[in-house]
Structure formats: structure tokens, C-alpha cells
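Chains as they are written, first to last, in my numbering: chain A, 103 to 439; chain B, 103 to 439; chain C, 103 to 439; chain D, 103 to 439. Notes to accompany the following structure.
There are 4 protein chains.
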Amino acid sequence: MINVGVFGASGYTGFETIKILRQHPQVKLIFATSENSAGRNMSDIYPVAWDVPLVSSKTAPLDEVDAVFCCLPHAASMPTVRAARQSGVRVIDLSADFRLTNIATYEKWYSVPHTAPELLQEAAYGIPEINRPQIRETNLLANPGCYPTSIILALYPLLKAGLLNAQQPIIADSKSGLSGAGRKASLKTHFVEVNENLSPYNIGQKHRHIAEVSDIVNRFEGNGDNIIFSPHLVPISRGMLSTIYAGLNEDQSSPQLQTLYQEAYTGQPFMRILPDGQLATMAHTQNSNLCVISITTVTPRQLILCSSIDNLGKGAAGQAVQNFNIMFDIEETVGLI
Amino acid sequence: MINVGVFGASGYTGFETIKILRQHPQVKLIFATSENSAGRNMSDIYPVAWDVPLVSSKTAPLDEVDAVFCCLPHAASMPTVRAARQSGVRVIDLSADFRLTNIATYEKWYSVPHTAPELLQEAAYGIPEINRPQIRETNLLANPGCYPTSIILALYPLLKAGLLNAQQPIIADSKSGLSGAGRKASLKTHFVEVNENLSPYNIGQKHRHIAEVSDIVNRFEGNGDNIIFSPHLVPISRGMLSTIYAGLNEDQSSPQLQTLYQEAYTGQPFMRILPDGQLATMAHTQNSNLCVISITTVTPRQLILCSSIDNLGKGAAGQAVQNFNIMFDIEETVGLI
Amino acid sequence: MINVGVFGASGYTGFETIKILRQHPQVKLIFATSENSAGRNMSDIYPVAWDVPLVSSKTAPLDEVDAVFCCLPHAASMPTVRAARQSGVRVIDLSADFRLTNIATYEKWYSVPHTAPELLQEAAYGIPEINRPQIRETNLLANPGCYPTSIILALYPLLKAGLLNAQQPIIADSKSGLSGAGRKASLKTHFVEVNENLSPYNIGQKHRHIAEVSDIVNRFEGNGDNIIFSPHLVPISRGMLSTIYAGLNEDQSSPQLQTLYQEAYTGQPFMRILPDGQLATMAHTQNSNLCVISITTVTPRQLILCSSIDNLGKGAAGQAVQNFNIMFDIEETVGLI
Amino acid sequence: MINVGVFGASGYTGFETIKILRQHPQVKLIFATSENSAGRNMSDIYPVAWDVPLVSSKTAPLDEVDAVFCCLPHAASMPTVRAARQSGVRVIDLSADFRLTNIATYEKWYSVPHTAPELLQEAAYGIPEINRPQIRETNLLANPGCYPTSIILALYPLLKAGLLNAQQPIIADSKSGLSGAGRKASLKTHFVEVNENLSPYNIGQKHRHIAEVSDIVNRFEGNGDNIIFSPHLVPISRGMLSTIYAGLNEDQSSPQLQTLYQEAYTGQPFMRILPDGQLATMAHTQNSNLCVISITTVTPRQLILCSSIDNLGKGAAGQAVQNFNIMFDIEETVGLI
């Protein structure tokens, strides 16, 4: 059994992490923290019929755990991660604090100083389908953002094959359920404002997640400056679909692309490439750790990828547990299917 | 033209009132107040393609208006209403502050002292289908609550005919859309908490609106203590349906009850009694000032009334304008159909 | 391993049954039938990333299975159940065909002749919390309806204790998600007709499920004729809440009722009685096999029970697998938590 | 008063047309047809508290009307339109039958022969903001499709100014509410399939509406072959948002584009260009005849247009009445605000 703690258990991501860990046969949950709800139980703040006590992070026994999931907001995560690492605890951090390799980029997008630059060295950005070896070795796993996961998994086979036309923008028109906006009450998440509405926000090159996507595209010698990313909120609790428009630098037929994608993801338990003619929808992945991708060729040089994940599953808590399993040499699907 | 001001224009009720008044051919909107958004425009706080400037109530020119709609929360309404009345302005108050005739009852349910008891004398509770003459004469119209409107209009023909069995509880199981909970951001109105959920709250005899219903039932010599009222929130923006279980003190057939209801509401432009076999749904009244009622006889002594209103229409702003029209001798349906 | 078949796999209930059985460590799924989709796969008709081939019931190998789940519509179920029983296969039937003990009652409510009366003898109505011993022994399990499950579980402690006032109607105002209406396309299930609407249907004493509730109430010497049941459709995919108004024949305090309910359900893994002051909502049970009940005392003789289940979980497929576990001496919660 | 008939009154478009016409002070509704519901009333098939009798189109008195709105499906529209024109009645046709100028294009996309080619000559495609003069003169108004309206109104100022880069695809990622899919019951419109889901369909260059957009782009000497159009269904009853990615052939600043759009739509009562920094959402136009557009510059050569309409308003019935008003020399906004 692996002893585990969860920081930031009261938000949607923390709650989802705990829901998964409760069912995980090789995990013992030692603590779950919430500053606002310390002293209360999970069933006091969520309509659930099971329970987990919530404690202040100040009283969380770091010396009793092998790993922690850090589900705190960006910036708040850094000191907690440092404390855990100093106690020799392995960390899966779901915030943005250790995702970007370049400190200046982080500080530009998140408008706060990076207070734990020494830890960036050991951090591994964790999309198992792309960099499982680094994940296995790391003590500090930077769990990707939801939008970047959906976009990068769709682009990865093209990036690896060097097929993207660097002269053309990659356009990701993404749609997200509301749990992605967090549990904090605000007018933007008020039912009446959201229901029967669909709203774009931070479109173009303004959303922070664009930096994560650029980073990965650049690693594959793609043109990371060339991404246009337009998120939209839809009146759905959980789910994410990115419709991605990409140009190719050489002609590709539908069967060729099918083969390319099938091969890129052979043996990956959470990836599904839909057969030609089917399109990925949010329903394909809801309440799962799956990523489902469809490929539509408009012309031999122009394609549309639809990439579906659950923003709380493969987009957050699910992928975090998948990374945890890899880090602790547990079969990758345990607790997730 | 009648010059009108609206206090509390930024909430859902105030916004809906202004939407109706903008289309009203005999109204000139002089001011709309919002303390939080003073200096901004309506299009800054709502996604609308028209505009109205918002001012602080301190600068609202009471001397330029004939009437004000007061869409403030309870307790906040009293001083504003007093100021308006002292300026000789007729008031349509949408809060609860002047609905209850008994001060002790008000103070018990609302947990604040009533600071304008002298005005209660001139206040008229305004459901036009029941007491149009008092509405016509009053200078201070207490606009009813949404739940009470749906329940009282369903019971009124039985109350008038003395048919309710006073020994049996009247059970109102009510379902409301979320705009009834106001526009203030809170976890209770967060999309993810509300969506795909249905929640009872304050059921039994705990919701403030029970006092309004009791008041009216008592006026008709019914047993006002005998009401059980169970509100439920449903994942819908606007709409209200009360399913009411009532016992009779003498046998009544379906045709007799149809006649009773049709006659009680003859000539009322916003009332519809559905023919036997049809049931009222929320869709019957959404975006209107209608109240639609269906009558189902379980036994000759036991019936089920389904009463549908739009909580922002007949349950708030619509009825307020209907009352305003009566007060100012305008045809009752102007601006409302 | 127990070999299992599913008849009627393409509807929501059949699909949900298969989803649960796929995860069940002691079940091997031998066949799944669908007349309309025979020859296709589950992923052709649902957006799922796993697969099960669908066959015609004519080719279903009854001789290879130990048990079948029959998820067919009422009337269609009878011949299939008979064939299975003649092959010596144990049956969990999710239709209404074997729920009612009295043939005349069945034929009155379902308007078809009962063509397998000889099987009624061996059928057991299966709510484990009430009659686990009969379930263990039976070869033909009649899985209860969703509404009856929510209502009976709420009333059972009162029935057992003889506390219900037989002179007063038991009023169940129930709200159901749309999956309860089945997957057949119709105007009643069209998104635009359902969305932003709430509709009562078959209210009073007109819905078929009232017969099941009466049956159980009568078994406990309650007044089974005294039930008023009003179902409502709400714009939610899955979930059910019954708000039940019941009169008592002697005074009971809230703590007494808490004790009564806690004791009645001690050791039942899928039952939760909420502490005084909390109210059951649909979210308490969604995507689970739980039944969550809250108790509200209006007066010492009048109470309101809120009973929440997932209509596809404890209201159909979940309870079916729970019954299956009991029949095959498997721990009751396997596959369900 | 202008005497008007409506063919195909029972679908969402026909119903919406009648709702608008009922409030139109210069219209007398002479007949409304429905083959499936002939002999019934509107309140039998919709939950409305007003009524209109429905008759078979065979008995519709063409000689009593000045104009008809034809809300029939494509192909079914042609014979009805011909009959109306032969009676000298002016026609507003909401189907696709007279929208495309080229018969071969029509027959390719709609897979039926065009049986009324002689009428194409007199047909005018009706987007008032673009070609009001032709609308005024025509006797056969081809009312545009919903998606094309949202896209063309967004592109028009760029087309007129010759600013679109013809070498780059115009990508329209569109999101539509479900009423756009019609009222016919089908699995695709079943509540449970649609709710909490978002589905792309016919993406790339497969949706029929692409032909309408191409036609207009070509008229302005743009590259009509260069359009990529990806519609998505969202769980919303009515509303449409097109997010459009367009490249320019010369640098443009945000203020320049604001000016361009403001000037292109000066004096158009149903057009709103949002100020820089605001984004169009579905809520901006719901239940109205408005089109609201926002402009976001990603680079001086790359922009994102968000174009919001109500698919039943400016996307169908609203625009049809606007066109009718122009044809009959009525002020354009009558009945629509």
C-alpha cells in the first residue's frame, strides 16, 4: 500500500482525485486538506454518501505519506510542493506551477514570481503517452492542463512525424464544461448566466494554456508561436472537446492518417482513435480517463482533429492518478477503469 | 406618459422589470439604480444589445417620477419606499416588506424589525385577479412573492367557494427555476452544483413565503395554519410549477370544478384553466405574465392542482407591471403581451 | 465465474446493466441481444470506447449461461423469461411482468394478458433491504420499478413499525430524469420539448407503478388504496427524487424517527439516512446504487420523506446486479462500488 | 392590414413565425397549415395559452392572402411556392429551395431535382443588411439558412472591403442549439443523447449550408471554395454562435476593423458590433432578431469573429418577418422589437 495525501481537497479537482483514490486498491489515503473547510467532512461540502475528514494543511502529516497530490491553485502550490519535496515525498502537482520549463514564460503568463525555481529541474511534465520514461523517474510530476492535454494528444502523431505545416496557424477551437472553471462562486459560474448560453473567452493568444501547448510543439521542432487557441464555456458540468484545424506540409490520405495515429498510440490504454467517418463527442469520454480522437481530412493538406477528454478525468485527476501509477510502478489502469 | 424609476435594477427582477418597461408605450424610464454598478450601463452587466445607465439611488430624482418599482431585497426596501412615499411617488414594491399585514409575523419570518409600520396601512397586496379594486386605489402596492402567487391563484376559487377541507393539510410541492434564487454568486447557484440536480430546501413549514399564503387563506376563513409548502430547485433558468394536493369538504366532479375555475377567472386576461386531461407544465407560461392551472380529481374529495407561472413574469416583474397598469388606469395587458 | 446474458441490451437499462457487468470480477458476459441492432456493436449505437457485439435473441445461447438479465419492455419479457427458465437459467427480469402478484391487477394496469402465469409462483419481488431471503432462493427475480423503489424504501421503516395513519393519503410527489422514459425517440423526449421544462404526467392514481407500491403497502397491512403518486419529468438525464408526505398514527419526534430509520437499515450497504436538517437531493445518488433518505417532521404526526435514487442505478440496473449478487452468493456490493 | 398564410406551421420555424405574426400590428393571419395536425389547434401540439387552427395545405385559401411564409422542408417547398406564385401571392420561403442560384449546385447538395427552375429567376436571397433593394422588389424571397446568416454577416464588411486573404481558408467553427435540428423525433434529438454532450457533425466541407456561404463569397469576388465549416450541436434549445478565423491580405488594427464594421452596419437596426475587448455570446441574441458580432485581432493579418444570432430569430423566422416588412414597405422593425 502507498500512503497518500491530497492538498486542496475541496475543489472539483481535489474532490475528483479523492473519489478515484478511494477506489484505488493500492492506495491508503492519509489526509485531505482544505483551509476553508478544515474540521469538517467531505459529506458536509459535497452531496456524497461516504466521508473523508478535512484538515488544515498545517496539520497534514507529511512524514506519514509516500506521495501527495497537490490540487491547489497556481502560486499557492509552490510552497506546499517545496515542503513536500523537502520531506522526501513524491509530488503530483495539478497546478500550473511546474509545467513550464522557462521561468520567464511562467512569470509572464501567471503574473507572479516563481518562488521555487530550484524544483523546476526535477519536474517532469506528465502526459504518459508522450513521455512515460521521465514520468517513471520523477519525484515532481507536473500534471498538464486540461486544454493542453486535449490539444497535445491530438497533435502529437503529426509532431512526431514532422507533418505539420509550420507556415500555417494551428487553430484549436475548444469547448469546456463548467467544472473546469473551478468551484469558486462567481457571476461567471452562476447557473442562470451559464445555462442556455455559450461563451468564448480569452480567445486568440490570450489564455495561459497556450504556453503549455507551445512548449510541447517547440520540443518537436514545430512552430510553437503559431497556435491560435479559442476556449468556449458550454452549459455542461464536465467534458471537453477541442476542434483543431491543422495544415500539413505534405499530402496525406485518410487511411494514412488513421495508420499514423493508430501506430502512435498502440498499446496506450486510454487512447482511442475513431474509425474514419465517426466524430469524437464529449460523451465519448465523460467520467473516464480516456482521450478519444477523430480525424477528418478536408483536403490532403488540411485536416480537422476532434479531441475529447473529460476535463476532470484525463484533463486533471484521472491523468494525475495515471501518472502516480507510473511513478509507483503500479499497472497504469489501476483505479481508472 | 408616466415617468417611472426602478430601484435595484441590476438583479434579475429589476432587469426583467426594465425589459418590460422599455417596451411599454406609456412609460418613460427616468432612472434605474444599482449601488454596485452605479456609473455603468446595463449592457456592461448583462449581455444585452440595448442600454440603460445605472445610477446610485442617492442621485435618483424622485421628484421627476410618478411611480417607482422597488426591486430591492427585503429590509433594504423599507427606507427607499418611505422616501418615495414622502415625495408623493406611488410605489410598486417587489420585496416582502409590505406583503404581510401583521408586523409580528413579518419580524418573525424575516428576522429584522419593521421600520416603516406606518406605511403598512396604505399597502395593498396585489394579485389583480383577487383584489383589483384595492390595487386601483393604493399608493403602495406590495407585489406578491412568486411561490405565493402560484399557490394562491390555484386555491382562490376553492377558497371563495368555501370548499377546502380545513381538517386536511394543503400540500404545495413547488418547483422553481434558479433565477428565483437571485443573481448573487454563491455555491448554491454555481452551475455545476445545480445542473443535473434537483434539491428540496426549507420544506414543511420553514420557507418565508408560507406566511403570505396563510394570510390569504385566513382572509377567506380557511385554515391558514394548515399549509405544508415544499420548494425544490430545478436546473432551469426561469419557470415555476406548484403541484398542490387539496382535500374538499364536499364531493365535486371534474366538470363542476372546471366550471368553478372558469367562472372564477372569467375575463382575467392572464389566467388559463386547462381542459380536463391536460396538465400544466412550466413551458405553458415561460417568458409571459400568464398563470396556467390544471385540475385533476383523484377522488371527489381529493384533487391535485398544477399551477404554472414564470417566476420572473407573473411571479415578479410581470405582475408588478400588471399592478402598475391598474394603478395608473392603463389597460391591464399593455406591455405584457 | 458466472456466465451471463443480457436481453434487450440497446436500451438505457440494458446498456447500464452491461456497463456494470463489464466491471464485475465474477461475471463473464456471454451474449447481449438487440433485435434492432443485431450484427452491430455497442460502440455503433453508443459513444463508448469499449465494445460488445449485439446479437439477435434468436441466436442467444441460453445453454451457455447461468443467468440472464432481461431488459425488455413489459409483455415482451414474458416469452423470453419462460424460455430461459425452461433452459434452467436463473432470471433477473427488469420488466414489470413478474412484479405484481395478482394477474388481474397486472392485466388491468398493463392492458395485455399475462401469458406466463405459472411463473408468477416462483417470482420474487426484489428489494434486498426488505426481502433478501426470498431473493437468495428465487430463480426468477422481478426487479422493481424505479419509482416504487424510491417510495417503498422511504416508507418501509414506517410500514414495519405500523406507524402510518391509514386514514390519510400517502402522497408521493416524484421527479425523474429522462432516461427513465427510455431511449425510443418521441416528441416527449425531444430535447427542445424537455429542456427548460418540467412536466407532470399521469398524476393522482394513473401511473402503473402505483400498483407495485400498493402491493407492498398491503403486505404490511397498510392501506394500499390510499396512495397518491404524481410523477414529473425534469430536464436531467438520470436521477430520481420522491418527496413523500405521510401522516402518522402516533406522535414521533425527529430523534425517534432517525433511530427508527437507522435501525431499519443497519448494515445495508446501499442505504444512507441523512442526519436531521439535511435534505436528500438527486446528486446524492447519481451514478451509484445508493438510496439516500431524509426525514423532515412538520408536526409530530406529519412528516416529509425525501428519497433519492439513480433511476438507472438502484432504480434499475444497479439493483438488478445487487439482486444477482445475492442470488449467486456473491458479496452484495461487488461491481457496484 | 396584410393578409398572410403560413405553410408548415407545426415545426419550430413555422411556430416561431406564427408567434411573431400574432403580435404584428399590420398582419392578419388567414391560415396556418400542418398535414400531420390538420383539424387540431396550435395549443394541442404546443404548450401555449393562445390558439390558431391548423388546416391541411389542400384547403388553404391562397386567394385570400397577400403573402405566404413557406416553412416546409426543402423539396417539399417547391410545389407549394409555385402554387402560391401562380395565384399571384408573394412568397417568403424559409426552405433551401430557392437560395442557390445554380441548379446543379442545388441538386448536388440536396440530392433532389429542382422542379421549379423557372422561379429561380425571380428569387432574391434575403439578408437585408446586404441586399435590401432586391428584397424590396422580389415576389419570391429565399430566406437564408441560420448558419450562413451568422457567417455571412460576420464576413460581409471584409468582403465588401476586399480584405480577405484568398489564399487562406476561412474557418467557421459554429455551435447551434437543438431547435435548429427540427422537431422531428429522432435519437439525435433525444434529450438523454444531447444533454451534457457536445457533438460535431458534417464538419469540413460536408454541410449543405456551405454552398450558401460560397455563393455570397463568390459574389464579392472572394474565394468561395476556401471555406471550412464545422457545425456542432450544443445542449441549448435556441441560439447560434459562429467563431470564424479569417486571414487578411493587408494589416489592420483593431480600431480600423471596429470602424470598418461600424460603418458597414450603420443604421441597421438588428446589427450590433461589440466594442473591442467584449466577445459575442449566445445570450446576446436569444429570443431576438439581432446579430451581434465581436472582432478579435490575433495579429494584424489574422482575426477571429464571433457572430451570435438566435437560430429561430435572425436565423429563420425573425429574418423572414424582417424581409416581409421590407417587401411590404412596413417599417423594418415592426413585430420584431
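Where is the CB? At the ideal position from N, CA and C, for every residue including glycine.
- With contacts defined by Cβ atoms closer than 7 Å, L242 (chain C) and V193 (chain C) form a contacting pair.
- Collapsing the DSSP output to three states places S355 (chain D) in coil.
- For L257 (chain B), the enclosing alpha helix (DSSP H) covers residues 248-263.
- Within chain D, the residues placing a beta-carbon under 7 Å from that of D275 (chain A) are D275, T345, ordered along the chain.
- Annotation: the continuous alpha helix (DSSP H) that includes V294 (chain B) extends over 293-296.
- For P302 (chain C), the nearest beta carbon of chain B is closer than 7 Å to its own beta carbon.
- At a cut-off of 7 Å between beta-carbon atoms, S179 (chain A) makes no contact with chain D.
- Just measuring C-alpha positions, the residue of C:R187, C:R403, C:L392 sitting nearest D165 (chain C) is C:R187.
- In this structure, Q424 (chain B) places its C-beta atom within 7 Å of the C-beta atom of P230 (chain B).
- Looking at D:Q358, D:F372, D:Y363, D:Y367, the one whose alpha-carbon comes closest to that of P402 (chain D) is D:Q358.
- Sequence-ordered contacts of the region 389-409 of chain B with chain C read T398, V400, Q404, I406, C408 [C-beta pairs closer than 7 Å].
- In this structure, the alpha-carbon of F200 (chain A) lies about 55 Å from that of K210 (chain B).
- Contacts with chain B at 7 Å (Cβ-Cβ) include M384 (chain C).
- DSSP, reduced to helix, strand and coil, places D195 (chain D) within a strand of the structure shown.
- Relative to the Cα of N351 (chain D), the nearest Cα in the group D:Q360, D:M342, D:N325 belongs to D:N325.
- Spanning the alpha carbons of N233 (chain D) and F109 (chain B) requires a straight line of approximately 44 Å.
- Per DSSP, the unbroken beta strand (DSSP E) holding T398 (chain A) starts and ends at 393-401.
- Looking at the backbone, the Cα of S410 (chain B) and that of L343 (chain B) are separated by about 5 Å.
- When Cβ-Cβ separations below 7 Å define contact, V336 (chain D) makes contact with chain A.
- Annotation: the continuous alpha helix (DSSP H) that includes T207 (chain A) extends over 205-212.
- Looking only at A:A206, A:C173, A:H216, A:R184, the smallest Cα-Cα distance to D195 (chain A) is reached by A:C173.
- Nearest neighbour of R238 (chain C) by Cα position, chosen from C:A382, C:T435, C:F426, turns out to be C:F426.
- Put simply, the CB of S355 (chain B) is far from chain C, with every gap to its CB atoms at 7 Å or more.
- Rounded to the nearest angstrom, the gap between the Cα atoms of S278 (chain C) and C248 (chain C) is 9 Å.
- Spanning the alpha carbons of R142 (chain B) and P155 (chain B) requires a straight line of approximately 6 Å.
- By the criterion of a C-beta distance shorter than 6 Å, T399 (chain A) is surrounded in its chain by S356, L405, once the five residues flanking it on both sides are discounted.
- Burial is judged here by how many other beta carbons sit within 10 angstroms of a residue's own beta carbon; M103 (chain A) has fewer than 16 and is exposed.
- Neighbours of G341 (chain A) in chain D, taken as residues at a C-beta separation under 8 Å, are given in chain order as E298, N299, L300.
- I312 (chain A) is outside the set of residues whose beta carbon lies under 7 Å from a beta carbon in chain D.
- Taking a beta-carbon distance threshold of 7 Å, V150 (chain B) does not count as an interface residue toward chain A.
- Between the region 263-283 of chain D and the region 321-335 of chain D, the count of Cβ pairs shorter than 8 Å is three or higher; the stretches touch.
- The residues P259, I375, I395, I397, in chain order, have a CB closer than 8 Å to that of Y363 (chain A) in the same chain once the five nearest residues on each side in sequence are set aside.
- Within the DSSP secondary-structure output, Y227 (chain A) pairs in a beta bridge with A:A244.
- In the same chain as S136 (chain D), and ignoring 5 residues on each side of it, the C-beta atoms closer than 6 Å to its own belong to A111, S112, L156, in chain order.
- Straight-line measurement puts the Cα of T207 (chain D) at about 45 Å from the Cα of K121 (chain B).
- In chain order, A151 make up the part of chain B whose C-beta sits under 7 Å from the C-beta of R374 (chain D).
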